[in-house]
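This report concerns only the one structure given below.
There are 2 protein chains.
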Amino acid sequence: MDNLKTENTQLTHSIKKIKANGVRITPQREIILEYLITHHIHPSVKTIQAGISSKLPNLSTATIYNTIKMLVDNELVIELPNKDGGIRYDYFGVPHFHAICENCGKITDVFLDEYPQIAEELEKATRDKSGYLITGTKVEISGICPECQKKLHLDK
Amino acid sequence: MDNLKTENTQLTHSIKKIKANGVRITPQREIILEYLITHHIHPSVKTIQAGISSKLPNLSTATIYNTIKMLVDNELVIELPNKDGGIRYDYFGVPHFHAICENCGKITDVFLDEYPQIAEELEKATRDKSGYLITGTKVEISGICPECQKKLHLDK
DNA sequence: AAAACATATTAGAATGGTTCTAAATTAGAA
DNA sequence: TTCTAATTTAGAACCATTCTAATATGTTTT
Ligand SMILES: [Mn+2]
Ligand SMILES: [Mn+2]
Ligand SMILES: [Zn+2]
Ligand SMILES: [Zn+2]
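Those protein sequences? They're chains A and B, same order as listed.
Residue 79 in the numbering used here sits at position 79 of the first sequence; the count goes up by one each step and never skips.
So the mapping is simple: the numbering used here equals the position in the second sequence, first residue as 1, plus 156.
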């Protein structure tokens with residue numbers, strides 16, 4: 001499995017980056033970060049808590065929120081707020097954008113070679129037209145995922 | 157003012173579209189819709205309520221939420237969930253995308269002639285790679301608005 | 001190694017935006 | 001005008017997120 005090596009590398013590099021910013025690594029922080037690196041389901045806080053409950057049975061939700069805030073500040077994780085009031089989280093290694101199912105809420109990664117150039121084009125237009133100082137770009141495509149198309153008899 | 161004519165036209169057409177779908181028009185609904193068409197600040201529910209309180213002093217928040225849901229179902233309004241837990245709303249006449257200030261929360265429209273083609277390119281990639289049935293696309297550029305750049309002494 | 005200090009974690013309370021509920025009102029059809 | 005289904009309303013309920021203050025842990029200093 002080549003993914004494992006990549007994910008180990010990502011974990012090592014992320015921890016180094018965090019420490020370089022003078023922030024402590026704790027067992028809680030490392031386990032939450034590892035969960036985010038190894039799970040690509042764009043989990044909510046509740047999903048993260050359930051996913052690591054065997055390793056950290058007494059983990060407080062406050063710690064998850066605090067850790068995520070730290071990871072966002074360190075530009076390792078992005079937030080994906082949704083219409084249902086919750087926020088989902090994504091370890092943002094390789095630039096990509098998202099397809100979101102309006103029926104089941106699933107968030108699917110879309111990797112496109114041209115995406116960085118497209119994002120740059122949109123950012124340049126924003127800079128020129130609005131004068132904003134740009135820090136990041138987010139693209140979300142709404143729709144119905146293949147599984148829900150079947151469920152709802154929308155396929156073919 | 158040429159905007160006024162456009163906005164009146166948008167109001168008329170929107171009401172026609174709603175009625176065509178068999179939905180009743182009430183004073184509350186018309187006033188909320190008119191507010192959304194004539195204000196481009198991407199307001200929250202609370203901002204909408206404050207903005208029309210002279211016309212509708214007893215307007216319930218439930219009615220605003222219900223009306224917005226109806227307008228979203230009728231594809232006249234889009235929702236912009238944000239990281240602070242709230243949702244902001246946008247009458248979505250001409251396709252465009254948004255710049256969002258991380259400091260003050262302001263949402264600025266960006267109109268770009270090439271945007272519809274770019275959105276179509278991203279949607280095609282999503283269809284091909286993920287099999288989603290696409291219903292809409294959203295682009296959000298994060299950054300610091302010109303006013304906040306001055307406040308924070310980030311300008312020049 | 002021990003003490004002192006700074007930082008992080010925890011359980012539970014507080015907050016606040018959104019949704020729900022049930023009674024009163026109203027729009028539009030007949 | 002009468003009738004009925006849809007809509008509005010005030011306030012309660014819900015639930016994700018933030019806050020609080022006590023406890024625990026890590027880092028640095030002696
Ligand atoms: Mn992702
Ligand atoms: Mn807009
Ligand atoms: Zn789905
Ligand atoms: Zn600003």
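Every residue gets a Cβ at the ideal spot worked out from N, C-alpha and C, and that includes glycine.
In this text the structure is predicted, and so the values were computed from the model without any measurement.
- Between E7(A) and I41(A) a beta carbon distance of about 14 Å is seen, past the 8 Å cut, so the two are scored as non-contacting.
- At a cut-off of 7 Å, the beta-carbon of H39(A) does not count as near ligand 1: no heavy atom of the ligand is closer than that.
- Assigned with DSSP and collapsed to three states, K211(B) falls in coil, not helix or strand.
- If you draw a straight line from the Cα of T108(A) to the Cα of S210(B), it comes to about 45 Å.
- Closer than 8 Å to the CB of V139(A) there is at least one CB belonging to chain B.
- Along the region 78-92 of chain A, going in chain order, the ones with a CB nearer than 8 Å to a CB of chain B are E79, P81, N82, K83, G85, I87.
- DSSP places Y35(A) in the helix class (H, G or I) of the three-state scheme.
- Closer than 8 Å to the CB of Y65(A) there is not a single CB belonging to chain B.
- With contacts defined by Cβ atoms closer than 8 Å, A99(A) and T282(B) form a contacting pair.
- Those residues placing their Cβ nearer than 6 Å to any heavy atom of ligand 2 are, following chain order, H198(B), D246(B), H252(B), H254(B), D265(B).
- Residue contact with chain A for K172(B): absent (no Cβ-Cβ distance below 8 Å to any residue of chain A).
- C-alpha of T223(B) to C-alpha of C148(A): approximately 27 Å in a straight line.
- Proximity of A125(A) to chain B, defined by a Cβ-Cβ separation below 8 Å, is satisfied.
- Every alpha helix (DSSP H) of 4 residues or more that sits fully in the region 240-309 of chain B is shown, in chain order, as 271-286, 302-307.
- Around the C-beta of L33(A), 16 or more other C-beta atoms lie within 10 Å, and the residue is accordingly described as buried.
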